[in-house]
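>
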Amino acid sequence: MTDPKFFQRQGPLTLARIAEIAGGTIAATDRPDQEFSDVAALDTAGPDDVSFLDNRKYVDQLAETQAGACILAQEMAEVAPEGVALIVCDKPYMGYARVAQAFYPRPRTIAGIHPAAVIHSSAEVDDSASIAAGAVIEAGAKIGARTSIGANSVIGAGVEIGEDCEIGPCASLSHCLVGSRVRLYAGVRIGQDGFGFAFDAAGHVRVPQLGRVIIDDDVEIGANSTIDRGAGPDTMIGKGAMIDNLVQIAHNVQVGQGAVIIAQAGVAGSTSLGRWSVLAAQAGVAGHLVVGDGARVGAQAGVMRDVPPGNDVLGSPAMQARAFWRQMSHLAKLGRGQERPKQTQETNTETEKT
Amino acid sequence: MTDPKFFQRQGPLTLARIAEIAGGTIAATDRPDQEFSDVAALDTAGPDDVSFLDNRKYVDQLAETQAGACILAQEMAEVAPEGVALIVCDKPYMGYARVAQAFYPRPRTIAGIHPAAVIHSSAEVDDSASIAAGAVIEAGAKIGARTSIGANSVIGAGVEIGEDCEIGPCASLSHCLVGSRVRLYAGVRIGQDGFGFAFDAAGHVRVPQLGRVIIDDDVEIGANSTIDRGAGPDTMIGKGAMIDNLVQIAHNVQVGQGAVIIAQAGVAGSTSLGRWSVLAAQAGVAGHLVVGDGARVGAQAGVMRDVPPGNDVLGSPAMQARAFWRQMSHLAKLGRGQERPKQTQETNTETEKT
Amino acid sequence: MTDPKFFQRQGPLTLARIAEIAGGTIAATDRPDQEFSDVAALDTAGPDDVSFLDNRKYVDQLAETQAGACILAQEMAEVAPEGVALIVCDKPYMGYARVAQAFYPRPRTIAGIHPAAVIHSSAEVDDSASIAAGAVIEAGAKIGARTSIGANSVIGAGVEIGEDCEIGPCASLSHCLVGSRVRLYAGVRIGQDGFGFAFDAAGHVRVPQLGRVIIDDDVEIGANSTIDRGAGPDTMIGKGAMIDNLVQIAHNVQVGQGAVIIAQAGVAGSTSLGRWSVLAAQAGVAGHLVVGDGARVGAQAGVMRDVPPGNDVLGSPAMQARAFWRQMSHLAKLGRGQERPKQTQETNTETEKT
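Chains as they are written, first to last, in our numbering: chain A, 1 to 354; chain B, 1 to 354; chain C, 1 to 354.
#1: Within a Cβ cutoff of 6 Å, which residues of the same chain sit near S122 of chain B, ignoring the five residues on either side of it in sequence?
#2: What beta strand (DSSP E) runs, 3 residues minimum, are completely inside the segment 178 to 215 of chain B?
#3: On the DSSP letters alone, give me the boundaries of the alpha helix (DSSP H) that D49 of chain A sits inside.
#4: Pairing CB atoms from the segment 12 to 28 of chain B with CB atoms from the segment 85 to 103 of chain B, are three or more of them under 8 Å?
#5: Which of helix, strand or coil does DSSP assign to I143 of chain B?
#6: Say whether chain C places a C-beta atom closer than 8 Å to the C-beta of F195 of chain A.
#7: I need the boundaries of the beta strand (DSSP E) containing I21 of chain C, first residue and last residue.
#8: Relative to the C-alpha of V178 of chain B, which residue among B:F6, B:G238, B:Q264, B:P317 is closest?
#9: Rounded to whole angstroms, what's the CA-CA distance from G256 of chain A to A299 of chain B? Just pull it up for me.
#10: Hey, is T147 of chain C's beta-carbon within less than 8 Å of any beta-carbon in chain A?
#11: Using a C-beta cutoff of 8 Å, does R108 of chain A count as contacting chain B?
#12: Please return the same chain residues whose Cβ sits closer than 8 Å to the Cβ of P309 of chain A, not counting the five positions on each side in sequence.
#13: Go to A85 of chain C, then tell me how far its beta strand (DSSP E) extends in each direction, as first and last residue.
#14: For T65 of chain A, which option in A:A73, A:V79, A:E75 has the closest C-alpha, if you only look at C-alpha atoms?
#15: For M94 of chain A, report the span of its alpha helix (DSSP H) as first-last.
#16: Is the number of C-beta pairs between the segment 199 to 209 of chain C and the segment 178 to 188 of chain C that are closer than 8 Å three or more?
#17: Check whether the segment 130 to 149 of chain C and the segment 108 to 119 of chain C are in contact - that is, three or more C-beta pairs closer than 8 Å.
#18: If I measure Cβ to Cβ from P12 of chain C and keep anything under 7 Å in the same chain, skipping five residues before and after, which residues do I get?
#19: With a cut-off of 8 Å on the beta carbons, I'd call A133 of chain A and A157 of chain A a contact; round off their distance for me.
#20: Run down chain B in chain order and give the residues with a C-beta less than 7 Å from the C-beta of D234 of chain A.
#21: Here's a check: name, in chain order, each residue in its chain whose Cβ is nearer than 7 Å to the Cβ of S225 of chain A, leaving out the five neighbours to either side.
#22: Along chain B, which residues have their Cβ under 9 Å away from the Cβ of N152 of chain A?
#23: CA-CA distance, F52 of chain A and G230 of chain A?
#24: Could you check the C-alpha separation between N311 of chain B and A265 of chain B for me, to the nearest Å?
#25: In whole angstroms, what separates the C-alpha of S358 of chain A from that of A171 of chain C?
#26: Determine, for R17 of chain C, whether the minimum Cβ-Cβ distance to residues of chain A falls below 8 Å.
#27: Look at G68 of chain A and P92 of chain A and say whether their C-beta atoms are less than 8 Å apart.
#28: So what's E82 of chain B in DSSP terms, helix, strand or just coil?
#29: Suppose you measure from the CA of T349 of chain C to the CA of I190 of chain C; what does that come to, to the nearest Å?
#30: Under 6 Å Cβ to Cβ from A135 of chain B, same chain only, skipping five residues before and after it: list those, please.
#31: Here's the rule: buried if 16 or more other CB atoms are within 10 angstroms of the residue's CB, otherwise exposed. What is S329 of chain C?
#32: For the beta strand (DSSP E) holding A69 of chain B, just list the boundary residues, first then last.
#33: In terms of residue numbering, what span does the alpha helix (DSSP H) encompassing A323 of chain A cover?
#34: Assuming L331 of chain C and L331 of chain B are in contact, meaning their beta carbons sit under 8 Å apart, how far apart are those beta carbons, in whole angstroms?
#35: Distance cutoff 8 Å, beta carbons only. Does Q282 of chain A sit that close to anything in chain B?
#36: Using only the alpha-carbon positions, how far apart do G211 of chain C and A259 of chain B sit?
Dropping the structure here:
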């Protein structure tokens, strides 16, 4: 059960309605009108809860679950214990996401400007927007309908934010244009100067950073992540891109539509990430590269060359995933002495010498 | 000498009292009543200062130190120059820590709410707590006795913080319960949504994150670190865990009692770190894994499998430390040609040249 | 063209004046009095714009550029299309930096304290300084001439900041002394406790961190980076050092003059980075080491030993760049079966079987 201090629940919902929301079909029950009051994980759910199974790692939990209903894939349906109503879905996690959103819809923005917020006289704040205590909205900034600005955030001069956005507390934005339905989490830094200077032993010389950050609709950017503005061109974050915490995006980077960047990854200047590409945690991509559409860069990988569309790369420096695992396998054998390279190699050498 | 602008010193203390605080025994002096006024590093200490030696790397500094007294281990006592009073300790660094705390006790919290703080009418702030300028305490939050909230921090709705805690400036907390004697440094982000969504090319779908962050007593979390709240279960930070700067802790992670996580390390979702385990700097642990009690993960390691209790792992992907060093050694030989592939290659080259 | 919402342009400037600023000589034109109104990238520049070529990767763009003038090196001059006025420079990027600064000088600080700033009565703020809304200046702090403090930043007790500095929004400083012409970006954390404690299963014991952070003139520190104060000695950031976003600098670290530290890199305690050394993105340096003057540490490298002056190191653990590439080459051959261990192994296996 969720903590009522933090979450407001809707419902109850009937099984039929839940299946409809999940985009699935009911099985293993003749009670489509049974009501459910909450969602929960398999190991904590009770008879009034809807749960889900997406990761096979947790299939043992399914066998022992007390959940009243479970959203899962067809091939898992047989493993479910009797008495659990099933909602069979092609994409169980997607189904669960939609059901959980139905029980826990995002709270509506409560319009109004807190008296302790500071709004410049030339800023334009929509009447339906919410500005929290301590937020600072600088000259010429524009805040769209139903957008909420978190406490102690700073919206810099000229920044424009669309509709239905949510800006977390202690974030700061400058030199950027933000679309609609964008969520920027606590402590996000958008639009500061990129790291551009001419290296010189007599003293490095700053290169003015004259671009902006353009954030398209439906983007999310995680806590304490940093997105620098362009040096001349703009830094672009494509529609629906999902960026996790502590991620670094350098100047001029183009992040494609729907791209996913996981925590502590970084992208160097002028690099382009393709649509629906994935950059796993702590990975890095060097500057002036192209990572193709749908490419996937593994955790901690270090990309130093272009990655063709759809390719998976691993390692530092990064290579095709298959080549990486082959190298790891050989290295492991070397380490275990199973490749006897010293001995066999000597033999080979001998052979070649003779 | 410390800068009086920033530090207030107590004392002086006699050698006998210092030895008692350090949990050590006096040697190489017949003046237990000698007074000392400060602590200092071996290379800067003077005759009124107490210093310490813990890292053998600095043993040369001991030979030349001007310190009046030194806390050290028995086996180092012979290296100390004459005229330096010695305090012999099993754990010299621990002894030094306690002595330094005696000279520099943490400043007492000065009770009161700054007039520029913003406290919601439904929040409960203990009379002995300290709320700095610009801090925002939202609806229903509770702040315990002698806890201080830094300037421009944001304590979200419903958050509960125990006694004797110290929250740095510009931090933000939501959806969390915090124990006592907890220190959260500047810019820490606690309790924001975890990175959970159903991946879909038609647009990723957010999965509501319905858990909390539970922080036990005596935890420290470094500057700009991010701890996401659970997706359903809670994210848990165990008693006395020490977390450094810029660390990422994803949703549902369980950090064990006394675990140590060093700067820029990250832990992916639903992973559990054992008690007294250590995650060194820039290391990463993948999701849904178990790192055992007392296990140690080396700097920049990438953990992709469970780590048994007490094991040391290195490398990316991580393996047993011994296996890693063996692989590195073989690889180095390969590189130097000592495993003779270089030679063979040279032979080949020769062949090609001729 | 830059967005006038965010950037104010000076000019126009004659070609002769631009060449003088760039420190270059005019070629391929007989019109030194031609006026130019802006700077732009090669692929977007028009006839009134000055562009530049520094990275050979973009030489194709030079051939097709519509720019009126281009700053470039002598050896590139021949590739330029006719009709483009040339400014030939030894260091084209440096030349461009100076020209761009001429068109876009940094906005002058507008003196004044915003009524929503909170200044302690014992703080000293120069009359020409600018303090933004929500900034908090604590007891005894000193802010120099023409220095600007961003919105919702916190300048801790006793902190001293020199002249012509720029502190971004939401930054926090404590226990530090800052020189002149220093830029600290949004969300920077300076001067919090270092990560120092005596490890003990009965509960770790904090070691008081009694040093400061000393930041010399002309330093830049990127968004959300963290610089801990010294444990006893001071943490020092040398003159003109350039530090990118999300960088971690631990207690007692010495960063040499002009050193460059790129995004998400980290330096562990008591390590010294030489003058003009470079730490590339996501690299890490272990504690108590010396990285020599002019040494370069590659992206994602993990330094575990001292690095001699001028050396380049790569890999984790880091080694000389040549040795690293040699190892990578051997490993690649192993992976492709070109070093024959696979074959030999099969032979061995067969042998063992028989």
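The beta-carbon is built from N, C-alpha and C at its ideal position, and this holds for glycine as well.
So, to answer that:
#1: Counting only Cβ-Cβ distances below 6 Å, and skipping sequence neighbours, we find A139, G140.
#2: Entirely contained in the segment 178 to 215 of chain B, the beta strand (DSSP E) runs reaching 3 residues are, in chain order, 213 to 215.
#3: For D49 of chain A, there is no enclosing alpha helix (DSSP H); the residue is part of the beta strand (DSSP E) that begins and ends at 49 to 52.
#4: When C-beta atoms of the segment 12 to 28 of chain B are compared with those of the segment 85 to 103 of chain B, three or more pairs fall below 8 Å, so the two segments count as touching.
#5: The answer is strand: DSSP assigns I143 of chain B an E or B state.
#6: Yes - at least one Cβ of chain C is within 8 Å of the one on F195 of chain A.
#7: According to the DSSP assignment, I21 of chain C belongs to no beta strand (DSSP E) but to the alpha helix (DSSP H) extending over 15 to 22.
#8: With respect to the C-alpha of V178 of chain B, the residue from B:F6, B:G238, B:Q264, B:P317 having the closest C-alpha is B:G238.
#9: Between the alpha carbons of G256 of chain A and A299 of chain B lies a distance of about 32 Å.
#10: Not one chain A Cβ lies under 8 Å of T147 of chain C.
#11: No, because no Cβ of chain B sits closer than 8 Å to the Cβ of R108 of chain A.
#12: In the same chain as P309 of chain A, and ignoring 5 residues on each side of it, the C-beta atoms closer than 8 Å to its own belong to G274, G292, D293, G294, A295, in chain order.
#13: That run of the beta strand (DSSP E) goes 85 to 88.
#14: A:V79 is the residue among A:A73, A:V79, A:E75 whose C-alpha sits nearest the C-alpha of T65 of chain A.
#15: Per DSSP, the continuous alpha helix (DSSP H) segment holding M94 of chain A begins and ends at 92 to 103.
#16: The answer is no - the segment 178 to 188 of chain C does not touch the segment 199 to 209 of chain C, with fewer than three Cβ pairs under 8 Å.
#17: Touching, yes.
#18: Sequence-distant partners of P12 of chain C (beyond 5 residues in either direction) whose C-beta falls short of 7 Å from its own C-beta, in its chain, are E35, F36, S37.
#19: Cβ-Cβ separation between A133 of chain A and A157 of chain A: approximately 21 Å, too far for a contact (criterion under 8 Å).
#20: Within chain B, no residue comes near D234 of chain A; the closest Cβ sits about 23 Å away, beyond 7 Å.
#21: Close CB contacts of S225 of chain A within its chain, under the 7 Å cut and outside five residues either way in sequence, are with V188, I243, N245, L246, V247 (chain order).
#22: Residues of chain B passing the Cβ test: G134, A135, V136, N152, S153, V154, C170, S172.
#23: So the two alpha carbons sit approximately 43 Å from each other.
#24: N311 of chain B and A265 of chain B: Cα-Cα distance of roughly 18 Å.
#25: What the structure shows of chain A is the stretch from 1 to 354, and residue 358 of chain A is not part of that stretch, so it cannot be assessed.
#26: No, R17 of chain C does not count as interfacial toward chain A.
#27: G68 of chain A places its beta carbon 8 Å or farther from that of P92 of chain A.
#28: E82 of chain B carries a coil assignment under DSSP once its states are collapsed to helix, strand and coil.
#29: Reliability of the predicted coordinates at T349 of chain C is poor, the pLDDT of 33 falling under 50, and the value obtained from them is presented with this limitation in mind. Inter-residue distance for T349 of chain C and I190 of chain C is about 59 Å (C-alpha atoms, whole angstroms).
#30: If we look at A135 of chain B and ignore the five residues flanking it on each side, its Cβ neighbours are A117, I149, S153.
#31: Residue burial is scored here from C-beta neighbours: S329 of chain C has fewer than 16 other C-beta atoms within 10 angstroms and is therefore classed as exposed.
#32: Note, A69 of chain B: beta strand (DSSP E), 69 to 72.
#33: Boundaries of the alpha helix (DSSP H) around A323 of chain A: 321 to 336.
#34: About 7 Å separates the beta carbon of L331 of chain C from that of L331 of chain B, a gap short enough to meet the 8 Å contact definition.
#35: Chain B places a beta carbon closer than 8 Å to that of Q282 of chain A, counting this residue as a contact.
#36: Using only the alpha carbons, I get a separation of about 26 Å.
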